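**Q**
2 protein chains.
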Amino acid sequence: MSLYLRELQTRLEDGQERVSSRALGASLGLTDAQIRKDLALFGSLGQPGRGYQIIDVLKRLRQMMGRDQSWPVVVVGIGNIGRAITSYGQFKTEGFDIVGVFDIDPKVVGTKSAGRVVRSMADLRATIVEHDVRLGVMTVPKASAQDVADQLIAAGVVGILNFAPKRITAPPGVSIVSVDFTVSLEQLAFQVWLAGNFEDGTK
Amino acid sequence: MSLYLRELQTRLEDGQERVSSRALGASLGLTDAQIRKDLALFGSLGQPGRGYQIIDVLKRLRQMMGRDQSWPVVVVGIGNIGRAITSYGQFKTEGFDIVGVFDIDPKVVGTKSAGRVVRSMADLRATIVEHDVRLGVMTVPKASAQDVADQLIAAGVVGILNFAPKRITAPPGVSIVSVDFTVSLEQLAFQVWLAGNFEDGTK
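Chains as they are written, first to last, in our numbering: chain H, 56 to 258; chain X, 56 to 258.
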């Protein structure tokens, strides 16, 4: 089971969303029939020709391991994206519980975001310790990203979802996942461009 | 050159961010020395042990092909994420020019988002045609995502950056790239969990 976890996790980290039983078998040294049998035991069924949704398989493995508890999360940076994140009902459904929202701006501190009072950075550490928070979401400007990451990590956070368009340096053992809208839009433009759909118009 | 483009594009679509000269050589039937020589000609240098940043190589290829013009973009859905997108200076720098912002809500239409007047959906088609827009960003609720995508495509958009947590159906030739915050947070949680960092705390 941990072999599956590692392999699926690696593929997910590489950005892969789906995997076929054949590709998984080749990686793990098993036949694709065996893979399909094992994953069916975990409750996962692939789609013919499309394979398995990696996130779904990992979720089922997590449930089987009794790890479907909720995860406390802090959000730092209550600009537009921070507000979107705090008001995003899907997080709660998926087991992420936002236990604190923070901002550096005194004009924002004390206001509400999706029903939660925005707190000052001075309270960050206490909240992380009190709720035993391991995950932080950072929607702060580029210039303060590393500093905020350092504060989160110093207080005990070991996983950061980073929305700043800047690479964060973190000690070993700390995981960083980045969301960069420009990279996504670039990716889209290339797909369109290669499909030949810019040929006749936008020159 | 188009061989490189296709191969790099495919890897990018698979979510890969970096590639080594060896892996690229294996895919293209060339030695890694040849790959390094070719990519150096395009102006791209890999980092030893880390390989090439795929987006960077593609950008250089694009410049070489004279394709570094700006791309007009429309944004539909001016909630928190839509506001973040329209005020995001990085897009302009990277050659994306937001030529229109739209919302379905009469209370939002006519207000401003980052200096741009939000227009009604009735004006969407005219704007797309006028500016020959090929790219659309959709930050709308799940329930209206497919309908908005259909409207964009009908008016001539061939690439959609979708922020709704819903899979969009599109005809062949139309590219969709999705950004899903919950998937990113799940991915982070799995990385942390597999690193063993939930072991001693959050049970």
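We put the CB at the ideal spot given by N, CA and C, even for glycine.
All values derive from a computational prediction rather than experimental measurement.
Any C-beta of chain X sitting closer than 8 angstroms to the C-beta of L207/H?
**A** So no, L207/H is outside the interface.
**Q** Use the C-beta contact count for A264/H: other C-beta atoms within 10 angstroms, 16 or more gives buried, fewer gives exposed.
**A** Since the first residue of chain H shown is 56 and the last is 258, residue 264/H is not available in this structure.
**Q** Our contact map puts A139/H next to N135/X with C-beta atoms below 8 angstroms; I'd like the distance itself, whole angstroms only.
**A** Contact holds; Cβ gap of about 4 angstroms.
**Q** Taking any Cβ of chain X, which residues in the region 202-229 of chain H have a Cβ under 7 angstroms from it, in chain order?
**A** Listed by position along the chain: V213, G214, L216, P220, G228.
**Q** Does the beta carbon of E149/H come closer than 8 angstroms to any beta carbon on chain X?
**A** Chain X, which has a Cβ nearer than 8 angstroms to the Cβ of E149/H, makes this yes.
**Q** Does the beta carbon of E68/X sit closer than 8 angstroms to a beta carbon anywhere in chain H?
**A** Closer than 8 angstroms: yes.
**Q** Looking at V213/X and G228/X, is the spacing between their C-beta atoms short of 8 angstroms?
**A** Yes.
**Q** Using alpha carbons as the reference points, say which of E185/X, D187/X, I133/X lies closest to P161/X.
**A** If we check each option's Cα against that of P161/X, I133/X comes out closest.
**Q** Return the chain-ordered ranges of every beta strand (DSSP E) run that is complete within the region 85-148 of chain H and spans a minimum of 3 residues.
**A** Counting whole runs of 3 or more residues, the region 85-148 of chain H contains the beta strand (DSSP E) stretches 126-131.
**Q** For L67/X, I'd like the list of residues in its chain whose CB is within less than 6 angstroms of its CB, leaving aside the five on either flank, ordered along the chain.
**A** Result list for L67/X: I109, in chain order.
**Q** Please confirm if L113/H has its CB atom under 8 angstroms from at least one CB of chain X.
**A** Closer than 8 angstroms: yes.
**Q** Determine whether the beta carbon atoms of V74/H and G106/H lie at a separation below 8 angstroms.
**A** Their beta carbons are under 8 angstroms apart, which means V74/H touches G106/H by this criterion.
**Q** Residues in the same chain with beta-carbon distance under 7 angstroms from T257/H, minus the five sequence neighbours each way, listed in chain order, please.
**A** Because T257/H sits at a pLDDT of 38, beneath the cut-off of 50, its placement in the model cannot be relied upon, and the following sentence gives the value as read from the coordinates. If we look at T257/H and ignore the five residues flanking it on each side, it has no Cβ neighbours.
**Q** Sorted by chain position, which residues of the same chain lie with C-beta nearer than 6 angstroms to L267/H's C-beta, five sequence neighbours on each side aside?
**A** Look at the range of chain H in this structure, 56 to 258, and you will see that residue 267/H is not part of it.
**Q** Taking only the alpha-carbon atoms, compute the straight-line gap between T166/H and L179/H and give it to the nearest angstrom.
**A** When rounded, the distance between both Cα atoms is 16 angstroms.
**Q** In chain order, what residues of the same chain have a beta carbon less than 8 angstroms from the beta carbon of S168/H, not counting five sequence neighbours either side?
**A** Counting only Cβ-Cβ distances below 8 angstroms, and skipping sequence neighbours, we find I133, G137, R138, T141, S142, V156.
**Q** S233/X by DSSP, collapsed to three states: which one?
**A** In this structure, S233/X counts as strand in the three-state DSSP scheme.
**Q** Measure how close the beta-carbons of L216/X and V234/X come, nearest whole angstrom, since I'm counting them as under 8 angstroms.
**A** That pair is a contact at about 7 angstroms.
**Q** Could you check how far apart the C-beta atoms of Q246/H and Q145/X are, in whole angstroms? I think they sit under 8 angstroms.
**A** Not confirmed; about 19 angstroms, so no contact.
**Q** Spatial neighbours of G191/H within its chain, please: CB distance less than 6 angstroms, with the 5 preceding and 5 following residues excluded, ordered by chain position.
**A** The residues are V129, L207, V212, I215.
**Q** Starting from D202/H, trace the alpha helix (DSSP H) in both directions and tell me its first and last residue.
**A** Start and end: 197-210.
**Q** Compare the C-beta of S99/H with all C-beta atoms of chain X and state if any pair is closer than 8 angstroms.
**A** No, S99/H lies away from the interface with chain X (no Cβ there is under 8 angstroms from its Cβ).
**Q** Please list the terminal residues of the continuous beta strand (DSSP E) segment that includes G155/H.
**A** G155/H -> beta strand (DSSP E) spans 151-158.
**Q** Which residues of the region 126-145 of chain H have a Cβ closer than 8 angstroms to any Cβ of chain X? Give them in chain order.
**A** Answer in chain order: W126, P127, V128, G134, N135, I136, R138, A139, I140, S142, Y143, Q145.
**Q** Tell me, please, whether the CB atom of F157/X is closer than 8 angstroms to any CB atom in chain H?
**A** With 8 angstroms as the cut-off, F157/X does not count as an interface residue toward chain H.
**Q** Would you kindly report the start and end of the unbroken alpha helix (DSSP H) that includes S76/H?
**A** Taken as a continuous stretch (DSSP letters only), the alpha helix (DSSP H) holding S76/H covers 76-83.
**Q** Could you pull out every residue in the same chain whose Cβ sits closer than 8 angstroms to the Cβ of K197/X, ignoring the five residues on either side in sequence?
**A** Closer than 8 angstroms at the Cβ level, and outside the excluded window around K197/X, lie A219, P220, K221.
**Q** So with Cβ pairs under 8 angstroms, would you call L58/H a contact of chain X?
**A** No - not a single Cβ of chain X is within 8 angstroms of the one on L58/H.
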